[in-house]
Amino acid sequence: MSAEPIIVIEAGKSERKYWRDVWNYRELLYFLTWRDVLVRYKQTVIGVAWVILRPLLIMLVFTIAFGKIAKLPSEGATPYPLLVLAGLLPWQFFATALSEASASLVSNANLVTKVYFPRIVVPVSATITSLVDFVVTLGLLVAAMAWYGVWPSARILAIIPLLALMFTAALGAGIWLAALNVRYRDFRYIVPFIVQFGLYVSPVGFSSKVIPEGWAWIYMINPMVGVIDGFRWALLDTGAPLDLRPLAVSAAISLGLLWAGIAYFRRAERSLADVI
């Protein structure tokens, strides 16, 4: 009787083996994503209504504060509420994904410490889950556009690469913060501050055109600037050409965030189960 083979499980002996493990655990990714979606909407008081109510309230506040009181200009003939809502969609996804992904490893500590699997699956699933909120909020924007009689043109096809860019920025930052949050628990206080601060320094409640040209390149360091400007150009007929500079900077920074996030996560992954 021949002895059964011994399987030695190692946390990614090589990069090629690690990414093969990630692919082999794709069903776990699906399970974690589906579980988070069910928990998010099943254990809330008003469920999906909150996903719609939150951006609606923010849109009203920003429209009054920036459009009525500060009297900041819109873009072309675009109604100011649509300007805000089109900018709020990608930002809300980024903020939600950042918050959920950064806390994902700590929230799944029992799973991380007991079973081997590529830990990067956890923050990736949290980022994918945030897309559900984005899709629901997209329905709110469609309804608002119909209310104002604004219809998208063929530019709407640009949403596909913009979605990829938005997801890349959120995933890179989320993976990085997920590993940092395990080692330094202070990040559970820092991340909400980053999200709150970023809402006001991103062109959500106003157009990027109000930024002085001398500050433009510094302002573009925020990877969501190019994404938000691109969303408005693709969805709303503002009559203005698309400025490719913010998109180029956003793409470079988003890819840099993803590369740096994965690199740091891989270095920290070996001790995550011990530290968490």
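Numbered by the numbering used here, the letters in the sequence shown go through residues 1375 to 1650 in order. Think of the CB as a built atom: it goes at the ideal place given N, C-alpha and C, for glycine as much as any other residue. Being a predicted model, the structure only gives us computed values, none of them experimental.
- A distance below 8 Å separates the beta carbons of residue 1479 and residue 1552.
- Sixteen is the threshold: when 16 or more other Cβ atoms of the shown chains lie within 10 Å of the Cβ of residue 1482, as they do, the residue is buried.
- Rounded to the nearest whole angstrom, the CA to CA distance from residue 1396 to residue 1404 is 12 Å.
- Taking C-beta atoms as the reference points, residue 1501 and residue 1475 count as a pair closer than 8 Å.
- Of the residues 1548, 1579, 1531, the one whose Cα lies closest to the Cα of residue 1565 is 1548.
- Assignment of residue 1395 by DSSP, reduced to helix, strand and coil, places it in the helix class.
- Residue 1617: not part of any alpha helix (DSSP H); DSSP gives it neither H nor E.
- When only Cα atoms are considered, residue 1484 and residue 1497 end up about 15 Å apart.
- Within 10 angstroms of the beta-carbon of residue 1588 lie fewer than 16 other beta-carbons, which makes it exposed.
- The DSSP-derived three-state label of residue 1481 is helix.
- For the pair residue 1569 and residue 1472, the CB atoms are nearer than the 8 Å cut-off.
- Rounded to the nearest whole angstrom, the CA to CA distance from residue 1604 to residue 1538 is 12 Å.
- Inclusion of residue 1462 and residue 1429 in the CB contact set at 8 Å is warranted, their separation being smaller than that value.
- The three-state reading of DSSP puts residue 1451 in coil, since its state is none of H, G, I, E or B.
- A distance below 8 Å separates the beta carbons of residue 1532 and residue 1608.
- Residue 1646 has its alpha-carbon roughly 10 Å from the corresponding atom of residue 1555.
- Looking only at 1629, 1630, 1602, 1644, the smallest Cα-Cα distance to residue 1458 is reached by 1602.
- Secondary structure note for residue 1415: its alpha helix (DSSP H) is the uninterrupted segment 1400-1416.
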